[in-house]
Each structure stands twice: as structure tokens, then as C-alpha cells.
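Enquirer: One structure is given below, represented as C-alpha cells, and several questions about it will come after.
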Amino acid sequence: MVDVGLASEVAFILVAAAFVGVLAVRLGQPTIIGYILTGVVIGPVGLGLVEPSVITETMAELGLAFLLFLLGIKMRFDEIRHLIAPIVKISVPQMAAIGLVGFGLAVTLPFSFEVAVIIGLAVMYSSTAVVIKMLNDKGEATSLHGKIDVGVLLAQDIVVVIILAVLAAGRPEGAADIAATLAIVMVLVTVTAVVAITASKYVLPPLFRRIADDTTLFFLVAISWLFLFVLVSDQIDVLLAPFGVDAYLSVEMGAFLAGLAIAQLPYSKDLQGRVNPLTDLFVMVFFVSVALDFEASDLLAYWQEAVVVAAVLMVVKFVVFFTLFNWQQFDLETSFLGSVGMIQVSEFGIVIAVAAAESDPPFIGQAELGFITLLALMTMSVSVYFIQYNRELFERVEPYLSRWEQSDPVEPADTEYRDHVVVVGYDEIARRALRILEDQYDEIVVVDRNVEHIEAIEDAGYDVLFGDFRYEKIRKDAGVKYADFVFSSSDQLEINEILLGETTAETTVFVEAKTAKEAERLYELGAQYVILAPQLGVAQFIQYLESYFEDRPTFDREIAADMELLRSGQLFPDVTDRPGGDDD
Amino acid sequence: MTDVALLTALAILFVVVGPLLLVAKGLGLSLIPSLILAGLLVGQLDVIEEEIMLELARLGIAFLVFTFSVQIHTERVRTVVSNTEIVAIVQAVVLGALGILFAIVVGVTLELEALADVGLDEPLTVEQALFVGIAAALSSSIVGTTLFTRSQSDIVHDYLSSEIDSFNDLLAVILLLVVSAGAFALDPVATQLGYGVMLIAAAIVINRYLFGIIDRLARGSDEAMLISIVALLIGFLATAEFLETSIVVGAFAAGIAVRDKPVEYSEVFNGLTSIQEFFVAIFFATVGALVTLPLDPFVPVATLALGLVVLTVVIKPIVTGALLVYTGYDRRSATLTGLDLDHVGEFSVIVAIEALVLGLLIEPVFEAIILAAAVSMILSNLTHTYDDEIYGFVAGRGWLGQPYHDVDDWNSVPDDISDHVVIVGYGRQGRRLVAFCEELDQSYVVIENNPQALPDLRTDCDAYVFGDAIEPETADVSNLEEARLVISTAESKSLTEYFLSYADTVDVIVRTRELPMAAELIERGATYVIVPDLLAADQLADSLEALLNGEYDSDELRTESMRELDLERAPPSRSSADR
Numbered sequence: 001m002v003d004v005g006l007a008s009e010v011a012f013i014l015v016a017a018a019f020v021g022v023l024a025v026r027l028g029q030p031t032i033i034g035y036i037l038t039g040v041v042i043g044p045v046g047l048g049l050v051e052p053s054v055i056t057e058t059m060a061e062l063g064l065a066f067l068l069f070l071l072g073i074k075m076r077f078d079e080i081r082h083l084i085a086p087i088v089k090i091s092v093p094q095m096a097a098i099g100l101v102g103f104g105l106a107v108t109l110p111f112s113f114e115v116a117v118i119i120g121l122a123v124m125y126s127s128t129a130v131v132i133k134m135l136n137d138k139g140e141a142t143s144l145h146g147k148i149d150v151g152v153l154l155a156q157d158i159v160v161v162i163i164l165a166v167l168a169a170g171r172p173e174g175a176a177d178i179a180a181t182l183a184i185v186m187v188l189v190t191v192t193a194v195v196a197i198t199a200s201k202y203v204l205p206p207l208f209r210r211i212a213d214d215t216t217l218f219f220l221v222a223i224s225w226l227f228l229f230v231l232v233s234d235q236i237d238v239l240l241a242p243f244g245v246d247a248y249l250s251v252e253m254g255a256f257l258a259g260l261a262i263a264q265l266p267y268s269k270d271l272q273g274r275v276n277p278l279t280d281l282f283v284m285v286f287f288v289s290v291a292l293d294f295e296a297s298d299l300l301a302y303w304q305e306a307v308v309v310a311a312v313l314m315v316v317k318f319v320v321f322f323t324l325f326n327w328q329q330f331d332l333e334t335s336f337l338g339s340v341g342m343i344q345v346s347e348f349g350i351v352i353a354v355a356a357a358e359s360d361p362p363f364i365g366q367a368e369l370g371f372i373t374l375l376a377l378m379t380m381s382v383s384v385y386f387i388q389y390n391r392e393l394f395e396r397v398e399p400y401l402s403r404w405e406q407s408d409p410v411e412p413a414d415t416e417y418r419d420h421v422v423v424v425g426y427d428e429i430a431r432r433a434l435r436i437l438e439d440q441y442d443e444i445v446v447v448d449r450n451v452e453h454i455e456a457i458e459d460a461g462y463d464v465l466f467g468d469f470r471y472e473k474i475r476k477d478a479g480v481k482y483a484d485f486v487f488s489s490s491d492q493l494e495i496n497e498i499l500l501g502e503t504t505a506e507t508t509v510f511v512e513a514k515t516a517k518e519a520e521r522l523y524e525l526g527a528q529y530v531i532l533a534p535q536l537g538v539a540q541f542i543q544y545l546e547s548y549f550e551d552r553p554t555f556d557r558e559i560a561a562d563m564e565l566l567r568s569g570q571l572f573p574d575v576t577d578r579p580g581g582d583d584d
Numbered sequence: 001m002t003d004v005a006l007l008t009a010l011a012i013l014f015v016v017v018g019p020l021l022l023v024a025k026g027l028g029l030s031l032i033p034s035l036i037l038a039g040l041l042v043g044q045l046d047v048i049e050e051e052i053m054l055e056l057a058r059l060g061i062a063f064l065v066f067t068f069s070v071q072i073h074t075e076r077v078r079t080v081v082s083n084t085e086i087v088a089i090v091q092a093v094v095l096g097a098l099g100i101l102f103a104i105v106v107g108v109t110l111e112l113e114a115l116a117d118v119g120l121d122e123p124l125t126v127e128q129a130l131f132v133g134i135a136a137a138l139s140s141s142i143v144g145t146t147l148f149t150r151s152q153s154d155i156v157h158d159y160l161s162s163e164i165d166s167f168n169d170l171l172a173v174i175l176l177l178v179v180s181a182g183a184f185a186l187d188p189v190a191t192q193l194g195y196g197v198m199l200i201a202a203a204i205v206i207n208r209y210l211f212g213i214i215d216r217l218a219r220g221s222d223e224a225m226l227i228s229i230v231a232l233l234i235g236f237l238a239t240a241e242f243l244e245t246s247i248v249v250g251a252f253a254a255g256i257a258v259r260d261k262p263v264e265y266s267e268v269f270n271g272l273t274s275i276q277e278f279f280v281a282i283f284f285a286t287v288g289a290l291v292t293l294p295l296d297p298f299v300p301v302a303t304l305a306l307g308l309v310v311l312t313v314v315i316k317p318i319v320t321g322a323l324l325v326y327t328g329y330d331r332r333s334a335t336l337t338g339l340d341l342d343h344v345g346e347f348s349v350i351v352a353i354e355a356l357v358l359g360l361l362i363e364p365v366f367e368a369i370i371l372a373a374a375v376s377m378i379l380s381n382l383t384h385t386y387d388d389e390i391y392g393f394v395a396g397r398g399w400l401g402q403p404y405h406d407v408d409d410w411n412s413v414p415d416d417i418s419d420h421v422v423i424v425g426y427g428r429q430g431r432r433l434v435a436f437c438e439e440l441d442q443s444y445v446v447i448e449n450n451p452q453a454l455p456d457l458r459t460d461c462d463a464y465v466f467g468d469a470i471e472p473e474t475a476d477v478s479n480l481e482e483a484r485l486v487i488s489t490a491e492s493k494s495l496t497e498y499f500l501s502y503a504d505t506v507d508v509i510v511r512t513r514e515l516p517m518a519a520e521l522i523e524r525g526a527t528y529v530i531v532p533d534l535l536a537a538d539q540l541a542d543s544l545e546a547l548l549n550g551e552y553d554s555d556e557l558r559t560e561s562m563r564e565l566d567l568e569r570a571p572p573s574r575s576s577a578d579r
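First to last, the protein sequences are chains A and B.
Number 278 in UniProt numbering belongs to position 278 of the first sequence; there are no gaps in the numbering.
Number 562 in UniProt numbering belongs to position 562 of the second sequence; there are no gaps in the numbering.
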């Protein structure tokens with residue numbers, strides 16, 4: 001019979017990585033460093049305790065697929081549209097310049113031409129994981145320099161995906177071969193992208209609209225959608241073989257496009273929150289397993305070269321980025337902060353190097369892979385500190401930068417909510433509150449996790465976010481911290497506790513509670529008013545009943561407004577004209 | 001076995017799962033049978049390498065048990081009412097015994113010479129029969145509480161079935177401990193229990209001392225916290241494996257080791273949910289994939305599966321219903337509760353797979369249990385949707401006998417009562433209405449069907465009927481036709497419809513949470529429809545407007561509303577109308 005034990009290497013990897021990961025967090029290092037070091041320590045380089053297994057390899061593959069899926073889900077066209085021009089103008093020349101510098105450095109060092117090309121291709125990106133993580137931690141992700149950095153990272157990621165696809169096609173036999181491979185890849189990528197975008201326009205909206213309310217179903221169907229793309233890209237050579245086409249498409253590209261299709265739906269933000277933890281888990285296995293294939297001699301074979309290249313690259317990256325930011329007429333501070341964040345070599349550099357090393361026959365050897373990995377490791381670690389203290393640094397160097405001051409810099413577009421109203425959950429109570437609040441406030445954003453509700457709210461002309469308020473991402477987007485008034489019509493204690501933990505004393509907070517005991521707790525946490533809907537409801541009903549027993553016509557008159565609303569049977573009648581309501 | 005990479009196998013699995021789930025959603029079926037069916041389909045493609053998939057699947061089990069364990073020790077465990085507990089135990093014992101008996105009969109029959117051709121390779125022993133018994137007995141909610149959010153209902157039978165379910169869960173964890181002993185001999189069980197106790201003791205130590213350290217170290221990073229908790233779980237699983245006890249025990253202990261779920265970790269626990277759902281989906285699909293079609297040998301497997309389905313779908317509701325009526329619940333609540341529990345529980349599937357992995361269960365019996373689980377879950381969906389119709393049908397034929405009253409003073413209504421108010425449900429709202437009627441000297445009758453409210457009814461109400469409102473004799477006793485007004489505070493579709501049938505002669509006020517539903521109810525003659533949120537909004541609007549107009553400042557509002565809260569804190573009590 002089946003004999004199953006939990007694979008010990010998976011258990012070992014997870015436990016060790018968690019331990020080192022927590023230590024890394026403590027020491028202010030990115031977790032990625034911790035994971036890679038874990039691999040170094042427990043793998044053949046260090047103690048030799050663990051070797052890769054089917055499960056770890058699959059989890060690592062899933063890690064990459066999920067990372068790109070997640071990235072895809074974040075790409076909303078309408079959110080980045082206005083920055084597309086400067087981002088393209090910064091990212092393309094930057095990649096070309098850094099790629100050339102990397103190639104040049106590698107050629108002057110003892111690397112062959114071919115290896116130098118791969119090194120050039122691997123070092124031109126900055127680390128999505130490091131930059132986005134640091135920006136989030138510092139609350140700068142939505143600042144102007146944050147947005148541009150994120151945009152540039154995404155542009156770089158698209159290039160990564162294309163290069164991975166080319167590498168997956170194996171060693172080219174000449175320029176014509178490269179061109180042919182590139183052409184097939186571009187055609188396949190275009191076809192897949194067109195399929196994905198068409199689906200996101202016509203197939204997915206009705207599909208996901210039906211299921212978005214059911215969180216588990218929504219999540220599993222989205223994963224199924226991801227795996228459909230993974231399966232097709234993974235098996236494209238088998239699928240197209242009968243037609244005599246020798247084609248390759250990377251799993252990562254498929255995953256990215258699957259995410260892109262979902263990103264255009266209003267439900268994508270909620271899905272980000274759901275996919276993120278799985279990504280964290282699998283990516284962790286990925287980073288640990290990077291070093292599992294190394295011997296110590298491989299990782300440290302070129303350590304002196306790596307130190308030199310790392311130092312030069314960081315300086316060059318800063319200069320190139322600063323020049324390009326400046327060229328695009330961003331102010332000094334934005335240019336400095338935006339550039340200083342991007343000086344590291346990306347984890348995608350390792351991914352590309354791994355792909356190049358696993359290609360058949362390999363483009364680079366294990367020692368060169370070790371060199372690129374070491375490079376990424378060192379630059380990432382150093383850059384973390386630069387990002388951590390970026391503003392202090394800027395104050396120091398500002399006097400020396402003044403000659404690049406712009407006379408008319410690009411102003412950051414302020415799309416952040418400030419002193420606004422956040423309404424959590426939409427129901428009859430919230431609807432009435434909205435009606436009253438809109439007289440006093442210009443900006444109102446409603447957070448809800450029900451498809452019909454968000455459509456009704458949008459129709460009524462309010463801003464709306466689809467998602468679970470428990471996700472930090474959603475709270476951040478709603479600007480809960482900066483709200484002047486928060487109205488929660490959710491009676492879930494957990495949600496209201498989170499809410500009260502995030503608001504300041506200046507914010508007026510109305511929350512709903514199920515019981516008097518919960519209400520007491522919410523008052524303790526600082527709520528201005530706790531709505532006990534059943535009690536309020538009974539009180540109102542008893543008022544009606546009093547009239548019923550005393551004088552029937554009065555009762556009929558009093559309930560007339562309610563009856564009209566009830567008779568309309570509309571879940572959310574037009575917010576702006578509720579007939580005869582007592583709030584008019 | 002086709003040679004397919006694990007990633008491809010997983011991809012195929014999920015690609016099949018997606019559309020099936022969509023179809024299931026369209027048909028109103030729940031997730032788990034759909035997942036099992038998807039697995040069954042993919043299993044036939046022969047791309048799944050059982051051992052490796054089982055390894056991923058067992059992570060699903062581990063996460064399920066882990067989450068369950070975190071839940072029961074962080075959320076205050078309800079004080080379970082004793083008579084529900086007894087019903088749960090007796091129900092499980094009776095069904096378990098019937099299941100064992102049935103399996104033994106099948107086993108003995110298969111041994112007959114005449115059936116030598118269709119029989120099993122291995123004899124169906126008493127041990128095997130025990131697992132059939134477990135499958136028949138447990139209709140656990142472990143997945144129900146984690147994968148589906150049960151609608152918070154105010155109906156007696158929903159409350160009852162979730163009580164019985166949670167009790168089944170506890171029973172299942174204990175059973176798993178026993179199963180993991182590897183055999184039913186006394187000695188290993190004692191050793192296993194010892195290991196189990198050791199693991200749980202270790203978990204408590206971690207909870208008290210170590211978890212605080214992890215917490216301090218990981219502070220500020222959800223990712224670090226998430227992976228720490230995952231690592232903690234995996235660490236316990238590995239220890240359990242090392243001790244050769246069930247990973248279920250390890251997962252359960254790991255759940256205990258995690259400290260209360262504070263608000264700052266809400267992101268982390270959300271994350272765990274995603275990871276769990278991913279692996280749970282793999283788990284149920286793998287379970288399906290382990291069933292080979294066509295069934296081999298067909299007759300015994302099909303017989304066992306069919307028998308289990310009959311036991312759970314037909315016999316179990318009858319047993320549960322009878323027990324509940326015996327403990328004082330009305331026949332309607334009892335029948336509906338029975339229909340809620342009429343399936344092979346998800347936890348039985350876990351018990352079966354653990355037993356299979358440990359070599360305790362032979363494959364044909366395992367397959368029978370899995371098939372019965374899938375079929376009974378689908379049927380359960382149907383009976384749940386049409387439960388009122390089924391009750392109506394069965395009661396209409398007189399199969400349920402007369403409404404049963406085990407208390408003499410089941411009503412206290414004066415014969416000549418008329419022009420009174422009939423208040424249905426004695427919950428918070430019902431109580432307020434009674435108090436209000438008494439203030440006005442308005443005569444009233446309360447109708448309530450929850451035995452737990454009976455003492456209060458006796459002491460506090462001038463006139464009450466204890467029984468199902470829909471029974472004709474309840475209407476007779478409460479003199480419904482002569483009433484001035486009926487107020488139903490219970491949010492039950494069938495009750496609402498029943499009272500509206502009196503709307504021509506009596507004023508009827510009913511309650512619903514759904515606005516669209518309210519329109520329909522008014523159309524059908526309701527004098528007024530209580531929509532709690534709508535009513536609350538009317539009251540709230542005043543406070544909010546006062547604040548925004550500057551009549552109040554926010555501190556005044558806070559002070560005043562907190563004072564009102566103290567007045568509100570009348571002792572809440574349980575009834576059919578507010579839960």
C-alpha cells in the first residue's frame with residue numbers, strides 16, 4: 001500500500017528558512033537574504049544536510065509562477081497609464097546602459113564573451129522583492145518616486161519574462177537562430193497576451209462576477225486560471241509539435257499573463273491579498289533551493305571579481321538612474337530617492353542565471369551562476385541600508401546636487417485620499433449614513449466584498465474598493481490612516497478591532513457591534529459611537545407599535561416612507577432620491 | 001503510470017477543478033464533493049503519482065486540523081448544552097453500531113461460496129467494519145467551519161446541527177489518535193496517547209514561553225510571522241512523524257502552540273487561510289483520484305458505498321430526529337436538524353485516508369467510503385435545499401405521528417383570549433415586545449419552540465405556547481384567527497409564509513434581513529416588514545446628523561452612547577429568534 005511520510009527535506013527547509021528568515025528580519029536584512037543563506041548553510045555548500053527533491057523543486061517552480069502571477073495581478077492599466085511615458089523613457093535606456101556596463105565589466109574580467117552576455121543580461125534589473133518590500137515598509141510605495149520605481153521594475157520584469165522565454169528555447173546557433181527564436185517567442189507571447197486580454201474583457205468579468213462573493217471559490221478558480229496558463233506554456237512544445245513548430249514559452253510568462261488578465265477586473269486587489277501568502281511560502285522554498293545546487297567552491301569561485309563588480313555596478317546604477325530621472329524633469333528629491341533605491345541586482349538576475357545554467361547545453365557553469373548569485377546577494381544587502389536611510393542621505397548630499405535642480409519639475413499627482421470618509425461594508429445602515437455624510441465631505445470611499453453592492457455604490461457615484469477589509473493592501477488603498485470619518489457597518493469584531501487599531505484619535509469612528517459586550521470593547525478601543533443595530537431596530541419598531549395601538553392612521557403615515565422603500569424591493573435604490581425619507 | 005512532472009500533474013488537477021467548481025456553483029452544490037469529483041476525473045488520466053500527491057494532500061489535512069485546533073482554543077468554546085451533547089453521542093453510537101453491523105453482514109455474505117467470484121481478495125474483518133462505522137457515525141463540520149462560512153441563522157435546527165457537528169469534531173480527533181495507534185491493541189494505544197500528551201504538553205510550553213519570543217523577533221513583519229507559524233506546524237508534523245504517531249496529532253498540537261489570534265496578526269491568519277485552502281483543495285482532489293474506475297471488485301465496493309449512503313442519508317436523519325423529539329424539540333426542528341447531518345463527514349474522509357496510509361484499511365473499503373462521502377454530500381446539498389418540502393411531505397403522510405409534547409404545561413393561554421398580539425419567538429426582540437405589551441396592558445401570546453427558553457416562558461409570560469408555530473394545534477390554542485396582530489420575530493421562510501396566509505383576517509408583521517424579500521412579503525399582505533437594518537438606520541441617522549451639525553461634539557456623543565449601553569445590558573437569553 002501507499003507508504004507516505006512527510007518529506008523530511010521539505011520540513012527541514014521550511015523550518016530552517018523560517019528561523020533564519022526571522023533572524024534576518026530582526027537584523028534588518030531582507031528575508032530573501034535569509035532564505036538564500038539558509039540554502040547556503042544547509043545545502044552542499046555548508047553542512048550538506050539537504051538535497052533538492054521532487055517536492056522542493058516543484059514548490060520552487062510554483063514560487064516563481066506565483067511571484068509572476070502576483071506581479072501580473074498588480075498591473076492595472078489605468079493606474080499606471082499616466083506614468084507610462086517617463087517609465088519607458090527611464091527603463092529602456094537604463095537597462096541598455098547597465099546591461100552594457102555589466103557586459104563590459106565581465107569581459108574585462110576573466111569571463112568568456114558568451115558568459116559576459118548572460119552576466120550583462122542578468123544584472124540590468126533592480127530587485128522587485130527588495131524595492132517593493134522596503135517601499136512598503138517605509139510607506140513610500142505610493143509616493144511619486146515609489147510609483148516610478150515600481151513602474152520601472154515592472155518594465156524590467158517584462159524584459160525578464162521575454163529573456164526567460166528565449167533562454168528556454170535553448171542555445172541559439174547564430175544570429176538568425178536568435179532572431180527566429182525571438183520571433184516565435186514574440187508571436188507566442190503576443191498570442192497568449194491577446195488571449196489573456198480578450199478573456200479579461202469578455203470572458204472573465206461575467207465569470208468572476210458570479211463567483212467573487214464566495215472567497216474560497218473565487219480563490220480556487222483564480223488558481224485554476226493560473227494553472228491553465230502554466231499548463232499551456234509548459235506544454236506548448238508538445239501542443240505545437242504536431243504542426244512542426246518548435247516552440248517554447250516560459251511558465252513564468254504564462255503565469256504573468258494569467259495575472260494580467262485578472263488585474264483588469266475590479267476584484268483583483270482582494271485576490272492579491274489571497275495569493276500573497278502562498279507566494280511568500282513557495283518563493284521561500286525557491287530562494288532556499290537556489291543555493292542547494294551549489295558547492296562552496298562554485299559560490300565563492302569569483303568572490304573577488306564579485307566584490308569589484310558589485311561596487312562598480314551600484315555606483316553606475318545610481319548615476320544612470322539619476323541622470324535619466326533628471327532628464328525626465330523630476331525634482332531633485334524624487335530623482336535621488338528613486339535612484340538610490342534601484343542600485344541592487346535583482347533576484348530575477350539569479351532566475352535568468354539559473355535558466356541559463358539549466359539550458360541544454362548550459363550557457364554558463366555553476367561557478368558563473370555562483371558569481372551572479374553572490375553579486376545579487378551583496379548588492380541587495382547593501383542597498384537595503386541605502387533605502388532605509390535614503391532621506392538622511394539626501395539631506396547630506398543635497399547641496400552638492402543643486403546644479404541639477406529643475407526649474408519646473410514634474411509635480412506629484414496627488415491621488416491619495418486625505419481627510420475623507422471611509423465606509424466599511426455597505427448595507428441599509430451604511431447607505432443612510434452615506435446620504436448624511438456626503439453633505440459634509442467631498443471624498444467618500446466605500447469598501448465592500450460583494451459584487452452587487454460595489455456595482456450599486458459605483459452607480460451612486462462613490463469611490464469603491466472591492467475587497468476584504470482585513471487585508472492591509474485594501475486598508476492602505478482606502479487611506480484609513482488619514483480618514484477624517486470612518487463608518488463601519490460590519491458587525492465583525494475582528495474587522496472593527498483592526499480598524500480602531502489603525503485610526504488615530506482625530507478620526508471619528510462609528511462601528512457596529514453584535515452584542516453589548518462587544519460594544520463595550522469597541523468603546524474601550526476608542527470608537528466614538530457603537531451601533532447596536534438590533535437594539536436600535538427594536539427601539540424604532542416599538543415607536544411604530546406605539547402608534548399602531550394608539551392611532552392606526554398615524555402608524556400608517558409613519559411607516560409610509562419605509563413601506564415605499566420596502567415595496568421598491570431594490571437592494572440599493574438610487575442613493576440620491578429616497579422617497580420621503582426622514583433624512584431629507 | 002505515465003511519467004509526468006509533479007507541476008504538470010498539479011496543473012492538470014487545477015485546470016479540471018476550476019470548471020467543475022463553476023458548474024457546481026451553478027447547480028448550487030458545495031465545494032467538497034466537486035473537488036472529489038474533479039479528482040476522480042483526473043485520477044482516470046493516470047497522471048497523478050499517488051505517493052507524491054498524498055504528501056501534498058496530507059499538508060491539506062495538517063492545515064485543516066491545525067486551523068481547527070487554533071479555532072477551538074482561541075475562540076471561547078460555547079458551553080455546550082447537555083441534552084445536545086447526549087443526542088450527539090447517542091446518534092454517533094447508534095449509527096456507528098449500525099455501520100459496523102452492516103459491514104460485518106456484507107463481509108460474512110461475501111465469504112459465502114456462491115459469491116466467491118465477486119468477493120474481495122482480503123476478508124472484510126471487524127477492523128475494516130469499524131471504519132465503515134466511523135464513516136456512518138460522523139458528520140463533522142471541520143471543513144464546514146473553515147471552508148464555508150455558515151450563514152448565521154437564528155433557527156433552532158441550524159444551531160442544533162452545528163452543536164452536534166462540533167461535538168463530532170472532537171470525537172473525530174480522539175478517533176484519529178486511536179487510529180494512528182496503528183492497531184486496536186491496548187498497548188500501542190496507550191503509547192500513542194502518551195506521545196499525544198507529550199506533544200500537547202510541548203505545545204503548551206511553546207505557547208507560554210517560546211511563542212512570545214517568536215512574536216518579539218518577528219514583530220512588524222507579517223511574512224516572518226507567517227513562515228514562523230508554518231514552520232512551527234511543520235516542526236510538529238515532523239516530530240509526530242518521528243514518534244510514528246499521526247500527523248493529525250502533530251497538527252492539533254501545533255494549533256495549541258500558537259498563541260491567541262491577536263488583531264495585529266489578522267493578516268497572518270488570513271494568509272494561513274489561503275495556504276490552507278490551496279492544500280485542502282489538493283487533498284480532496286487527491287482523495288478522489290485514489291478511487292480507480294471501474295470499481296474493482298464492483299459488487300462489494302458498490303454495496304458498501306450504497307449501504308453507507310442509505311445509512312447516512314436515510315437512517316441518520318431518522319435516528320437524530322427521533323432523539324431530538326425525545327429530548328423535547330418539536331418534530332419540525334428535529335427533522336430539519338436530521339436533514340442537516342445526512343452525509344458522511346469530511347473528517348471521516350481524513351480518518352479513512354489515515355487508516356489507508358497506515359495500512360489499516362483495505363483499498364476497496366476505502367473507495368467505498370470515499371464514494372459514499374461524495375454521493376452523500378451531493379444528496380445532502382439537495383435535502384438541505386428542499387428540507388421544508390421534505391418535512392411537509394413526511395409530516396403530511398402522518399409518518400411523524402402527532403406533535404409531541406413532553407411537558408404538561410405546554411401552553412398557558414386563556415380559552416377566551418381575543419384581540420390579542422401573537423408574538424412569535426422569545427428572543428431579545430420578543431422580550432422587548434412582551435414588556436411593551438405589558439406596559440400597555442395589551443393581551444398577548446408568545447409562541448416559542450426552543451426547550452431552553454421554557455423556564456423563562458413559565459416565569460415571565462402571562463400566556464405562551466411552547467411548540468412549533470406551524471402546527472395547526474398551535475394556531476388553535478393561541479387563537480390566531482381572533483388575534484389583532486401577529487409579530488413574527490423569527491427569520492424563517494416557512495414561518496413567514498405560514499403567517500402571511502392569515503394576512504386576510506389578521507394584521508401580520510414579519511421579519512427579514514433581505515430588502516428584496518421584503519417587497520415580496522408586502523405584496524403578499526404583510527402589514528409591515530421588520531428589516532432590522534432599515535429600522536436601525538432610522539434611529540442612527542439622528543445621532544449622526546446631530547454630530548455633523550455640531551449639536552454634539554464627539555466626546556459628548558461617546559459619553560452618552562456609552563451610558564445607553566449600560567442600560568442595554570439586560571441579561572441576554574437564548575431563544576429561537578436571536579442567534
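Cβ coordinates follow ideal geometry from the N, Cα and C atoms, glycine included.
All of these numbers come straight from a predicted model, not from anything done at the bench.
#1: Between the Cα of valine 178 (chain B) and those of B:Asn207, B:Val287 and B:Glu127, spot the shortest distance and give me the residue it belongs to.
#2: With a cut-off of 7 Å, does the C-beta of serine 127 (chain A) fall near any C-beta of chain B?
#3: What is the DSSP secondary structure of aspartate 507 (chain B), counted as helix, strand or coil?
#4: Going by DSSP in three states, isoleucine 447 (chain B) sits in which element: helix, strand or coil?
#5: Taking the Cβ atom as the reference point for each residue, do proline 33 (chain B) and methionine 562 (chain B) lie within a distance shorter than 7 Å?
#6: With DSSP run on the structure shown, which of helix, strand or coil describes tyrosine 552 (chain B)?
#7: Just to confirm, is the Cβ distance from proline 364 (chain B) to proline 300 (chain B) under 7 Å?
#8: How should glutamate 512 (chain A) be labelled, buried or exposed, when 16 other C-beta atoms within 10 angstroms of its C-beta is the threshold for buried?
#9: What first and last residue would you give for the alpha helix (DSSP H) that runs through glutamate 512 (chain A)?
#10: Distance check for aspartate 387 (chain B) and valine 287 (chain B), CA to CA, integer angstroms please.
#11: Which whole runs of the alpha helix (DSSP H) in the segment 335-411 of chain A are 4 residues long or more, in chain order?
#12: Does any C-beta atom of chain B lie closer than 7 Å to the C-beta of glutamine 440 (chain A)?
#13: With C-beta atoms as the reference, is histidine 157 (chain B) less than 7 Å away from leucine 341 (chain B)?
#14: Starting from alanine 253 (chain B), find everything on chain A with Cβ-Cβ shorter than 8 Å and list it in chain order.
#15: Select from A:Ile457, A:Ala367 and A:Asp463 the residue whose C-alpha is nearest the C-alpha of serine 112 (chain A).
#16: Report the option in A:Ser335, A:Val25 and A:Val221 whose CA atom is closest to the CA atom of arginine 216 (chain B).
#17: Hey, is alanine 311 (chain A)'s beta-carbon within less than 7 Å of any beta-carbon in chain B?
#18: For glycine 338 (chain B), which residues of its own chain have a beta-carbon under 6 Å away from its beta-carbon, when the five flanking residues on both sides are left out?
#19: Evaluate contact between the segment 495-502 of chain A and the segment 465-476 of chain A, counting only Cβ atoms and requiring at least three cross-stretch pairs below 8 Å.
Expert: In short:
#1: In the second sequence, residue 178 (chain B) corresponds to position 178, counting from 1. Comparing Cα positions, the closest option is B:Glu127.
#2: The residue given as residue 127 (chain A) occupies position 127 in the first sequence. It does not: the Cβ of serine 127 (chain A) has no partner Cβ on chain B nearer than 7 Å.
#3: Position 507 of the second sequence holds residue 507 (chain B). Aspartate 507 (chain B) carries a strand assignment under DSSP once its states are collapsed to helix, strand and coil.
#4: On the second sequence, residue 447 (chain B) is found 447 positions in, with the first residue counted as 1. Strand, per DSSP.
#5: One-based indexing of the second sequence puts residue 33 (chain B) at position 33. One-based indexing of the second sequence puts residue 562 (chain B) at position 562. The Cβ-Cβ distance between proline 33 (chain B) and methionine 562 (chain B) does not fall below 7 Å.
#6: Within the second sequence, the letter at position 552 stands for residue 552 (chain B). Looking at tyrosine 552 (chain B) - three-state DSSP - the assignment turns out to be coil, as it is neither helix nor strand.
#7: Here residue 364 (chain B) refers to the residue found at position 364 of the second sequence. Here residue 300 (chain B) refers to the residue found at position 300 of the second sequence. For the 7 Å CB-CB criterion, proline 364 (chain B) and proline 300 (chain B) form a contact.
#8: Position 512 of the first sequence holds residue 512 (chain A). The residue in question, glutamate 512 (chain A), is buried, as its Cβ has 16 or more Cβ neighbours within 10 Å.
#9: Here residue 512 (chain A) refers to the residue found at position 512 when the first sequence is read from its first residue. No alpha helix (DSSP H) contains glutamate 512 (chain A), which is instead part of the beta strand (DSSP E) from 508-512.
#10: Within the second sequence, numbered from 1, the residue matching residue 287 (chain B) stands at position 287. Within the second sequence, numbered from 1, the residue matching residue 387 (chain B) stands at position 387. Rounded to the nearest angstrom, the two C-alpha atoms are 29 Å apart.
#11: Qualifying alpha helix (DSSP H) stretches, in chain order: 347-358, 366-388 and 390-401.
#12: Within the first sequence, residue 440 (chain A) is the residue found at index 440, counting from 1. It does; some Cβ of chain B falls within 7 Å.
#13: As a position in the second sequence, residue 157 (chain B) is number 157, starting the count at 1. As a position in the second sequence, residue 341 (chain B) is number 341, starting the count at 1. No. Outside cutoff.
#14: For the purposes of this step, residue 253 (chain B) is taken as the residue at position 253 of the second sequence. When 8 Å is used as the limit between beta carbons, alanine 253 (chain B) is near no residue of chain A, the shortest such separation being about 15 Å.
#15: For this step, residue 112 (chain A) is matched to residue 112 along the first sequence. In this structure, A:Ala367 is the residue among A:Ile457, A:Ala367 and A:Asp463 with its C-alpha nearest to the C-alpha of serine 112 (chain A).
#16: Numbered from its first residue, the second sequence carries residue 216 (chain B) at position 216. For the residues A:Ser335, A:Val25 and A:Val221, the minimum Cα distance to arginine 216 (chain B) belongs to A:Val25.
#17: Along the first sequence, one-based indexing puts residue 311 (chain A) at 311. Taking 7 Å as the CB threshold, alanine 311 (chain A) stays off the interface with chain B.
#18: Here residue 338 (chain B) is taken as the residue at index 338 of the second sequence, counted from 1. Excluding sequence neighbours, glycine 338 (chain B) sits near Pro317, Thr320 and Gly321.
#19: Three or more Cβ pairs drawn from the segment 495-502 of chain A and the segment 465-476 of chain A lie within less than 8 Å of each other, which places the two stretches in contact.
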